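Residue 481 is where the sequence shown starts when you use my numbering, and the numbers rise one by one after that.
C-beta atoms are modelled at their ideal positions from N, C-alpha and C, and glycine is treated no differently.
Predicted model only: the values in this text are computed from it and were never measured.
Okay, structure first, notes after.
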Amino acid sequence: MSAMDKGVPRIGASLKTLELKSADEAKSIDGRPAAREVRDALDEFLGAFESFKEANDERLDEIEKKLTADVLTEEKVDRINRALDRQKKTVDELALALARPEIGGEARPRLDPARREHKRAFDLYVRKGEAHELRSLEAKALSAQSDPDGGYLVPAETERMIDRIVSDASPIRAIAGIRQISGASYKKPFTTQGPAAGWVGETEVRAETAGPQLSEIEFPAMELYAMPAATSTLLDDGAIDIDQWLAEEVQTTFAEQEGAAFVNGDGIRRPRGFLSYGKVANASWVHGKLGYLVTGNAGAFPASNASDVLIDLIYAVKAGYRANARFVMNRATQSVIRKFKDAEGNYLWQPGIAAGAPPTLLNYPVTESEDMPSIASDATALAFGDFKRGYLIVDRIGVRVLRDPYSSKPYVLFYTTKRVGGGVQNFEALKLLKFGTA
């Protein structure tokens with residue numbers, strides 16, 4: 481039996497082991513995984529990657545000798561590749577869960593009297609529906625952002641916890657630039673044409689120069705909502721941390737909706753995604769559009785030297801943006817690139833060396849976003865650049881909660897809203913790879 485054949489059942493067994501561990505003693509009382517479980521999952525993943533390399537090497541040897549790979553070999557490589565994706569997802573989920581603070585176990589900073597009073601009043605509103613203290617506090621603060629019909633502002637500590645947990649789960653938010661605003665939109669001026677300049681001799685006449693031309697881009701904040709539900713028993717349980725519970729309940733909804741909007745959003749009642757902007761061949765790049773390179777093969781990488789287009793994409797980005805650049809793609813695209821090797825036979829894709837660390841491609845981090853398109857004819861399935869400087873997310877300060885005990889008895893609904901905007905702020909910092917010929 482070959483190493484490749486041994487690898488497939490070992491991966492299946494690894495996944496089974498992870499499933500058993502995730503439901504067994506490795507979990508702590510509040511459902512967080514133990515550090516040992518995360519280390520074991522990472523070891524399983526790294527071992528699976530070694531099995532994948534062995535299987536893919538065999539496939540490449542067959543192609544080199546016979547100009548084609550055996551069908552069974554291709555199927556085995558694909559099967560291991562899919563199992564590797566599942567294991568990577570398991571490691572990421574365990575690492576994210578481990579990073580979550582233990583309920584009741586994290587030391588809270590000492591609050592000033594006003595914040596402590598607001599937190600106590602908000603806790604009373606969420607648990608019992610008693611809003612008179614919260615209404616009085618917000619009236620004193622002259623808050624224009626909330627009212628009995630639109631909900632009440634959560635305490636600042638709760639808002640920070642929601643932002644942190646959502647950032648951990650939202651791939652684009654984790655790598656983009658972020659600004660907090662108090663108004664309805666964020667406006668950013670930029671220079672479309674700088675002042676004229678040049679060299680001149682000491683005694684030569686200085687020609688009159690034109691002044692700089694300015695323009696601005698605007699990012700309006702749109703409303704995003706989630707509606708978690710709770711039972712009366714949960715709300716009556718004094719051991720439950722309401723801040724943590726609310727943050728974790730809205731995490732999935734906020735992260736999924738934001739992730740889709742930051743990539744493909746049309747800017748209508750949602751942020752504008754970077755793929756929704758106009759695109760132009762990088763050789764003809766102009767401000768306001770994203771430059772792209774082509775693979776030269778419709779719906780696929782080039783048949784030979786496929787890694788060359790990835791290197792070209794890296795160097796299409798100016799040096800100043802490459803230092804903090806990264807690749808963004810979905811899982812399917814990543815599974816294709818995982819098979820690529822350089823001229824020395826080294827794999828271009830390498831797994832992260834620690835739980836929660838991103839994999840790398842040509843020594844640049846890879847961010848996995850399932851909202852990116854898959855490889856298809858003329859699809860821009862791969863992005864590269866400095867997203868912190870290239871894409872801006874705008875958060876309006878204030879998360880609101882409206883308690884609804886009537887619409888879905890016996891459950892209590894919590895209509896939770898925040899305002900978010902976003903768009904490309906620097907078109908030079910991001911480049912795309914188009915799977916086409918022009």
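**Message:** Mapping the DSSP letters down to three states, classify Phe915 as helix, strand or coil.
**Reply:** coil
**Item:** According to DSSP, residues forming a beta bridge with Thr463
**Value:** Past the boundaries of the shown model lies residue 463; the chain is included only from 481 to 918, so the question cannot be answered.
**Request:** To the nearest angstrom, report how far apart Leu526 and Arg519 are at their CA atoms.
**Result:** 11 Å
**Item:** Proximal residues to Met641 (C-beta, below 6 Å), its chain only, five neighbours per side dropped
**Value:** Asp723 and Ala727
**Request:** Taking all protein chains shown into account, decide if Ala909 is buried (16 or more other Cβ within 10 angstroms of its Cβ) or exposed.
**Result:** buried
**Beta-carbon proximity of Ile658 to Ile873, cut-off 7 Å** = yes
**Request:** Go through its chain and collect everything with a Cβ distance to Ala635's Cβ below 8 Å, but skip five positions before and after it.
**Result:** What sits at residue 635 in the sequence shown is Pro, not Ala. Excluding sequence neighbours, Pro635 sits near Arg595, His598, Lys599, Phe602 and Asp723.
**Asked** For the alpha helix (DSSP H) that Leu714 lies in, which residues bound it at each end?
**Response** Ser712 to Asp716
**Message:** So within the segment 745-818, which uninterrupted alpha helix (DSSP H) runs reach at least 4 residues, ignoring any that extend past its ends?
**Reply:** 787-796, 799-802 and 811-817
**Sub-7 Å separation of Ala521 and Leu564 beta-carbons** = no
**Asked** Can you tell me the Cα-Cα spacing of Gly779 and Val816, whole angstroms?
**Response** 12 Å
**Message:** Between Ala664 and Ala701, how many whole angstroms is the CB-CB distance? I'm expecting something under 8 Å.
**Reply:** 6 Å
**Prompt:** Secondary structure at Lys889, three-state DSSP: helix, strand or coil?
**Reply:** coil
**Item:** Neighbour-count burial assignment, Val846, 16 or more Cβ in a 10 Å radius
**Value:** buried
**Request:** State the beta-bridge partners of Ile697 as determined by DSSP.
**Result:** Lys668
**Item:** Close-in-space but distant-in-sequence residues of the same chain around Gly768 (CB under 8 Å, 5 per side omitted)
**Value:** Tyr757, Gly758 and Phe907
**Prompt:** Is Ala918 buried or exposed, if buried means 16 or more other CB atoms sit within 10 Å of its CB?
**Reply:** exposed
**Asked** Buried or exposed: where does Leu552 fall if 16 or more other Cβ atoms within 10 Å of its Cβ makes it buried?
**Response** exposed
**Prompt:** Starting from Ile642 and walking both ways along the alpha helix (DSSP H), at which residues does that stretch end?
**Reply:** Ala636 to Ala649
**Asked** With DSSP run on the structure shown, which of helix, strand or coil describes Val881?
**Response** strand
**Asked** Can you tell which of Leu773, Ala805, Gly865 and Ile652 has the C-alpha that lies nearest to the C-alpha of Val742?
**Response** Looking at the sequence shown, residue 742 is not Val but Phe. The shortest C-alpha separation from Phe742 is found at Ile652.
**Asked** So Met707 packs on Phe894, CB below 8 Å; how close in whole Å?
**Response** 7 Å
**Prompt:** Closest by CA to Asp537, which one among Lys819, His612, Leu912 and Glu639?
**Reply:** Lys819
**Request:** Assuming Thr897 and Tyr705 form a contact by the criterion Cβ under 8 Å, report the distance between their Cβ atoms to the nearest whole angstrom.
**Result:** 5 Å
**According to DSSP, residues forming a beta bridge with Leu842** = Beta-bridge pairing links Leu842 to no other residue.
**Request:** Would you check if there are 3 or more beta carbon pairs closer than 8 Å linking the segment 851-859 to the segment 796-807?
**Result:** no
**Asked** Considering only residues of the same chain and omitting the five flanking positions on each side of Glu696, which have a CB-CB separation below 8 Å?
**Response** Lys667, Lys668, Pro669 and Phe670
**Request:** Taking only the alpha-carbon atoms, compute the straight-line gap between Asp788 and Thr570 and give it to the nearest angstrom.
**Result:** 31 Å
**Request:** Let me know the secondary structure DSSP gives Gln905 once reduced to three states.
**Result:** coil
**Selection from Asp792, Thr732, Gly753 and Glu530 that minimises the alpha carbon distance to Ala763** = Asp792
**Item:** Straight-line gap, Ala796 to Val774 (C-alpha atoms, nearest Å)
**Value:** 12 Å
**Asked** In chain order, what residues of the same chain lie with their CB nearer than 6 Å to the CB of Arg752, ignoring the 5 residues before and after it?
**Response** Gly745 and Gly903
**Prompt:** When the Cα atoms are used, what is the spatial distance from Trp679 to Glu688?
**Reply:** 13 Å
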